[in-house]
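Below is one structure, written out as structure tokens; comments come after it.
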Amino acid sequence: MRKQWIALLALATSGLAACTGGAGGTSATENLTGQTVEVVGPWTGDEQKNFEKVLQEFKTRTGAEVKYTPAGDELPTVLQTRISGGTPPNVALIAQPGLVAQFAKAGAVKPVNADVEKAVTDHNAAVWKQFASVDGKLYGFTFKTANKSAFWYSEKAFQQVGATPPATWDDLIKTSKAISETGLAAVSVGGADGWTLTDWFENVYLRTAGPENYDKLAKHEIPWTDPTVRKALEELAKLWGDPTLIAGGALQTEFPKSVINVFGEQSSAAMVFEADFVASVITTNTKAKVGQDAKFFPFPSVAGSKDAVVAGGDMAVQFKDDKATTELMKFLASPDSGKIWAELGGFLSPNKDIPESSYPDDVTQDLAKRIVDAGDNVRFDMSDLAPAAFGGTKGAGEWKDLQDFLADPKNVDPIMQRLEANAAKAYGK
Amino acid sequence: MTPKKWGLSTSVDAAPGRSPRQAIPFLLPALLVLAALVLYPLVFSLIRSFFDATGDEFVGVRNYVDTFTDPRTLTAFRNNVIWVVVAPAAVTGLGLIFAVLTERIRWATAFRLVLFMPMAISLFASGIIFRLVYEEAPNQGVVNAVLVGVHDMFSPSSQYPGARPREGYTATEAGFAANKPVRAGDTVMLPLIGFNPQQVPAQALPASTPQAGDGELRGLVWLDVSAGGDAGKVDVIERGLPGIAVEAVRDGQVVARTTTGDDGRFTFPDLAVGEVTVRLPRSNFELPFRGQTWLGPGLITPVIISSWIWIMTGFAITFIAAGLSAIPRDALEAARVDGATEWQVFRRVTIPLLSPVLLVVFVTLVINVLKIFELVFVIAPGSVQSEANVLALQMWQVSFGTGGDQGAGSALAVILFLLVAPAMLFNIRRFRRERS
Amino acid sequence: MTLVAEEVRIDVPVSGAPRRGVVSRVFGRLGNGFVQVLLALVAVFWLVPVFGLLIASLRDESANTASGWWTVFTKPAELTLANYAELVANHAVWQSFLNTFYIAVPATILVVVMASLASYALSWIEFPGRETLTVVVVGLLVMPIQVALIPVAKLFGAFGLFGTITGVVLFHVAFGLPFAIFLLRNFFAGIPRDLIEAARMDGATEWVIFKRVVLPVAKPAIASLTIFQFLWVWNDMLVALVFADQDSAPITVALRAQLRQFGTNIDLLATGAFLSMIVPLAVFLLFQKYFVQGVLAGSTK
């Protein structure tokens, strides 16, 4: 009985302390000793180790215990069950803005407080705030991002034909044809994974149709039968439609395999398109060195388009709004946290106040700089913004339709109709 | 046996086994757990299936209508039917055969252990194993590696796989045929592309244009690929391609054949007057045999079923072996003494005695098959996932995909439940009949 | 399982009798060699994927992605124990190994005990609504685990069972019971009525009949059930991922946390599969002698 009273008293005073602390302003070194913050995120393996170092720094600064649960692909399941069970984590990192919106509408995630919002505004281009806002309220921020506008190429294959990184889509096709003359396919497409194909489409579409149309299509305000969609698909078909340019068996090739096809011992292609994380696949699965044997060039300009970047990313959101949670969110929104992981490698941040030199090598610095420099021309991965039934389900919706398009790239009109039919159904709900 | 004090607190009834009250302590623990953790979720799902994704709005049977109008559901149904018809019967059959046969060998335990092993590997890891077993690239997938090995033993691959003329030739059934005819005295320049210069045979000599010969058709086949080289022109470092078969065709008939030399040159010395078409037979460029696309849309369901059979046979064999060991030896011996052959003993004695256990195994497998989804999810590449779709996988994606529509997912669960109910009823009926 | 030997009628034509001697014996002997070869082939067929997995666990990821496992026959230098060394050195993996025991052992024992009791009542104690109850209980067998996640989460949240081993065990018990009851009820129901009736005549209580008559006869079934129930719990990932927290996570969840974001991860998966396979195989060997043991031999003699 006595113990309970003491505990209650301690709770009351700590609550009081927290209140005064909150009123006192944003001193970086809150004392949160004895509190525990739980974080659920998608990262496993090395990424988990790196993120735990970030969390360790938070513990050092505040004294709060942080528990990290790696949920991997099952993250939506884990979060949904934990929310229904009434025991959500304090903070979660979610890769799908659609899921964030769903949780926001259900009232499960809490809007960030003013300090966090200020940090987000200060350190990021304005466009990033939109990605994490639902009905005008800010629910979080992109902590880790992916630059999805990169072509990775084999230096050896390029040398063989004396090619240089192409700056335009037409140059890319020309270079591809030159490479195919050496018996090597130009591009390896990881067509077994639908998400790589949506990334292809989004990059071309963002360039041919422009950011405004991109936003409209992402909200399904213009249909998938729009002429802008046709234009983008036709550009894609210039590459996908030539069997000598694409490595065989693309529809059975998963993303890691598509990278190995280019940089592995028995290479069958010269280029692979995908995000910065291609570098980590190269490092773990092949003997090629990133920066020497494996380099990248930004997604080329199509029909004179300006620089633009399609980005993905994991958003930090909070399910509770106690002091410790808010402090962690503040810490994650600050450049200090991102800098720790940036130095460990395999990390990009939209945070423009993380010094470029924090990134460990030229390639990563370049990738990070392109995201920050693109400013408000960054667009979030459209398929992640779409309802999951359309943009994020294996064997269904956009993934499946673009796979069918890859199988038969001449077939533009039926594909557009199918895309529209599936989109109408998914967005209609 | 004498009644002692170790009976449960229930009083000893006058007619033992006739008192409903005595059943209570036996049933209670199981029923409590089942009611709270299985029955309640089932009822919850049933109710939930009439609500929308948020769970706030009653939508009647809309989730069911949506499910049945979704073309994916039809594929899933079709695949589930294939699964149910093929897989449990195959596994029960194999289990029975192996269980009976192992009775005749000394290393029965070792054999059962081997077949049991897949069960001890998680479904996820098993899925990855079979993803690799059936991988298309012959340097990764063992099935295609064997196929390619066997194939190449009988028909070796071509010398210049994938190479093709730069332009001016049309691909036909027989090979690449020139678009323009030529005649004796002409020189044919045949630039090939689509082949790695580093793979040109070592004996190949630098290419140079042959001089026109009187009364002869001469030509050069070379690899027109070099960094900075001009397309269609013989550049300094470009080499001729030795050993390429060349045909001269007139009116659809091959009138002469030859093969290029180490410098890539070829000559047709005595062609009669008139035009011919130069053709490079397909055999020069035949792509190497790469095996079968096991994970393509056509074969994906059989492939996944085969992996499930690999996993589950250990299950069947274990239970059937347990059942076999319970068969009284006397019955078998009696039959043998009566002069029955082994086959007759098997048909007339073993099978009838085993039928209850076979049925248990079979029904369990049917239900397991209907619930299967990890294997499909892991083995089928994303591009054929819709072809390989099954109801349980669809339910998983609908309820827990990022869209998270518990309403529609619950509807699928209820449908699944209704599908299996007949199997259960059948089993129970059978028992009632047997005991009465 | 029906053990009613006396009901079996053997309708074998008498004319078959004289032929049996020579033909059948010769055929039997030839057949035995054939059976040996056939089963050996089947065993090899079953072993090849496991063997491939074993080799994969002994090579690093880049070797595994560069070529198939059979290349080790020409390049044995690629073999390494590094994958195992890494996992064994990982403290979290050891802790999770223990957790798996804490989860699998009680979940298995509880299922076997509860299901035996319930199956006995459902097959040998008469009470109104018995058939219906059986249908309902066994019908729950079809309930897919995924469907229960959300409702059970609500329940566990209310009772504070979230993130505890108790919660995970309860979930496994609940979802193991329908199959266990289905299996054991069928088995118990096949026990000759005479055995039970004789005991009742002697005035034995239900509890005594259950313990002294039914359990010994049902040993093979119970042994098989134990093995598989243990196996299913041992290899579960989904339930543990959702309901266990970091400190109570079993081996499947801990291994999963080692995986890289991209790639087949076959090196890690294979190593993990072999490490976690040891225990179920040991359990199999431990229990298999019970289910090859003659049943009636154990009870009536």
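Residue numbers (the working numbering), protein chains in the order written: chain A, 4 to 432; chain B, 766 to 1201; chain C, 11 to 311. Where a beta carbon is used, it is the ideal one built from N, C-alpha and C, also for glycine. Since the model is a prediction, treat every value here as computed from it, not as a measurement.
Per-residue burial, residue i [other beta carbons within 10 Å of its own, 16 or more giving buried]
| i | result |
| --- | --- |
| B/Val830 | exposed |
| A/Ala26 | Confidence at A/Ala26 is low in this model, with a pLDDT of 35, below 50, so its placement is unreliable and the value that follows should be read with caution. By the 10 Å Cβ count, A/Ala26 comes out exposed. |
| A/Lys333 | buried |
| B/Gly906 | buried |
| B/Val846 | exposed |
| B/Asn944 | exposed |
| A/Ser360 | exposed |
| B/Val1102 | exposed |
| A/Ala429 | buried |
| C/Arg266 | buried |
| B/Leu1181 | buried |
| B/Ala1037 | exposed |
| A/Phe299 | buried |
| A/His126 | buried |
| B/Met918 | exposed |
| C/His182 | buried |
| A/Asp202 | buried |
| B/Ala780 | Unreliable positioning characterises B/Ala780 in this predicted model, as indicated by a pLDDT of 45, which lies under 50. The coordinate reading is nonetheless provided below. The residue is exposed, with fewer than 16 neighbouring Cβ atoms inside 10 Å. |
| A/Gly28 | Below a pLDDT of 50, predicted positions are generally treated as unreliable, and A/Gly28, at 37, falls in that range; the measurement from the model is reported next regardless. The residue is exposed, with fewer than 16 neighbouring Cβ atoms inside 10 Å. |
When the options are compared against residue i, the one with the closest alpha-carbon
| i | options | result |
| --- | --- | --- |
| A/Val398 | A/Asp196, A/Pro338, A/Phe144, A/Leu409 | The identity of residue 398 of chain A in the sequence shown is Gly, whereas the question assumes Val. The option with the nearest alpha carbon to A/Gly398 is A/Asp196. |
| A/Arg233 | A/Gly431, A/Thr36, A/Pro412 | A/Pro412 |
| B/Val1147 | B/Gln1162, B/Lys1136, B/Val1134, B/Asn1133 | It should be noted that the sequence gives Gly, not Val, for residue 1147 of chain B. When each option's Cα is compared against that of B/Gly1147, the closest is B/Gln1162. |
| A/Gly307 | A/Thr211, A/Ile225, A/Gln295, A/Thr289 | A/Thr211 |
| C/Ile237 | B/Pro946, B/Phe1084, B/Asp1016 | B/Phe1084 |
| C/Gly186 | C/Ala199, C/Leu235, C/Ala168 | C/Leu235 |
| A/Pro91 | C/Val122, C/Leu225, C/Phe166, C/Leu108 | C/Phe166 |
| C/Phe139 | B/Asn961, B/Ala788, B/Pro1062, B/Ile812 | It is worth fixing the name first, because residue 139 of chain C is Gly in this sequence and not Phe. Of the listed residues, the one whose Cα sits closest to C/Gly139 is B/Ala788. |
| B/Leu1156 | B/Gly950, B/Ile1137, B/Phe1165 | B/Ile1137 |
| A/Lys140 | A/His126, A/Phe161, A/Thr148, A/Phe106 | A/Phe106 |
| B/Arg1004 | B/Phe1127, B/Trp987, B/Leu797 | B/Trp987 |
| A/Ile176 | A/Gly89, A/Lys241, A/Lys147, A/Ala319 | A/Lys241 |
| A/Asp173 | A/Ser304, A/Ala336, A/Asp317 | A/Ser304 |
| C/Leu193 | C/Lys229, C/Arg222, C/Val218 | C/Lys229 |
| A/Ser337 | A/Thr228, A/Val40, A/Ser271, A/Asp118 | A/Asp118 |
| C/Trp244 | C/Thr274, C/Pro116, C/Ala53 | C/Pro116 |
When Cβ atoms are compared, which residues of the region 150-164 of chain C fall closer than 7 Å to chain A? Hits within the stretch, in order: Leu159, Ile160, Ala163, Lys164.
Relative to chain C, which residues along the region 1148-1182 of chain B have a C-beta separation below 8 Å, given in chain order? Contact residues of the region 1148-1182 of chain B toward chain C are Ala1157, Met1160, Trp1161, Ser1164, Phe1165, Gln1171, Gly1174, Ser1175, Ala1178, Leu1181, Phe1182 (C-beta to C-beta distance below 8 Å).
How do the region 1078-1085 of chain B and the region 879-899 of chain B stand: do at least 3 beta-carbon pairs fall below 8 Å, yes or no? With the cut-off at 8 Å, the region 1078-1085 of chain B and the region 879-899 of chain B touch.
Can at least three beta-carbon pairs, one atom from the region 799-809 of chain B and one from the region 153-170 of chain C, be found at a separation below 8 Å? Yes, since at least three Cβ pairs between the region 799-809 of chain B and the region 153-170 of chain C fall closer than 8 Å, the two stretches touch.
For the region 90-105 of chain A and the region 279-295 of chain C, state whether three or more C-beta atom pairs, one from each stretch, are separated by less than 8 Å. In short, these stretches do not touch, since the Cβ pair count stays below three.
Can you give, in chain order, each stretch of the alpha helix (DSSP H) that sits fully within the region 1108-1163 of chain B and has at least 4 residues? Whole alpha helix (DSSP H) segments, 4+ residues: 1116-1136, 1139-1144, 1150-1153.
Stretch-stretch touch, CB-based, cutoff 8 Å, three pairs: the region 275-293 of chain A with the region 147-155 of chain A: Enough Cβ pairs lie closer than 8 Å, so yes.
Sequence ranges, alpha helix (DSSP H) only - wholly within the region 346-385 of chain A, length at least 4: Listed in chain order, they are 365-377.
Taking a cut of 7 Å between CB atoms, which residues from the region 1049-1068 of chain B lie near chain A? Within the region 1049-1068 of chain B, the residues whose Cβ lies closer than 7 Å to some Cβ of chain A are Thr1058, Leu1060, Gly1061, listed in chain order.
Near-chain B residues of the region 164-193 of chain A (beta-carbon distance less than 7 Å), N- to C-terminal order: Within the region 164-193 of chain A, contact with chain B at the beta-carbon level (separation under 7 Å) is assigned to Val164, Gly165, Ser183, Glu184, Thr185, Gly186, Leu187.
Under 8 Å (Cβ pairs) to chain B, residues found in the region 78-104 of chain A: For the region 78-104 of chain A, which is checked against every Cβ of chain B, the residues closer than 8 Å are Pro79, Thr80, Gln83, Gln99, Gly101, Leu102.
Report yes or no: do the region 949-963 of chain B and the region 914-932 of chain B share at least 3 C-beta pairs separated by less than 8 Å? A contact exists between the region 949-963 of chain B and the region 914-932 of chain B.
Are the region 1086-1101 of chain B and the region 813-831 of chain B touching, with three or more C-beta to C-beta distances below 8 Å? Taking 8 Å as the limit for Cβ pairs, the verdict is that the region 813-831 of chain B does not touch the region 1086-1101 of chain B.
For the 8 Å Cβ check, are there 3 or more pairs between the region 162-177 of chain C and the region 820-828 of chain B? No: fewer than three Cβ pairs fall under 8 Å.
Please name the residues in the region 1073-1090 of chain B whose beta-carbon is closer than 9 Å to at least one beta-carbon of chain C, in chain order. With the criterion set as a beta carbon lying under 9 Å from some beta carbon of chain C, the members of the region 1073-1090 of chain B are Trp1075, Thr1078, Gly1079, Phe1080, Thr1083, Phe1084, Ala1086, Ala1087, Gly1088, Leu1089, Ser1090, in sequence order.
Listed in chain order, which residues of the region 106-135 of chain A have Cβ atoms closer than 9 Å to some Cβ of chain B? If the cut-off is 9 Å between Cβ atoms, the region 106-135 of chain A has Lys108, Ala109 near chain B.
Of all the residues that make up the region 38-54 of chain A, which are near chain C by a beta-carbon distance shorter than 9 Å? Listed by position along the chain: Glu41, Pro45, Trp46, Thr47, Gly48, Asp49, Glu50, Gln51.
Any 3 or more C-beta pairs closer than 8 Å across the region 123-143 of chain A and the region 375-386 of chain A: Short answer: they touch.
Counting only runs that start and end within the region 907-977 of chain B, where is the alpha helix (DSSP H) found for 4 or more residues in a row? For the region 907-977 of chain B, whole alpha helix (DSSP H) runs of length 4 or above, ordered along the chain, are 907-919.
At least 3 beta-carbon pairs within less than 8 Å: the region 897-916 of chain B vs the region 62-79 of chain C: As far as the Cβ criterion goes, the region 897-916 of chain B touches the region 62-79 of chain C, which means the pair count is three or higher.
The region 215-226 of chain C in contact with the region 49-66 of chain A per 3-pair CB rule at 8 Å: Note that the region 215-226 of chain C does not touch the region 49-66 of chain A; fewer than 3 beta-carbon pairs, one per stretch, sit closer than 8 Å.
My parser needs the alpha helix (DSSP H) runs of 4 or more residues fully inside the region 234-271 of chain A; what are they? The DSSP assignment places 258-266 as complete runs of the alpha helix (DSSP H) inside the region 234-271 of chain A, in order along the chain (cut-off: 4 residues).
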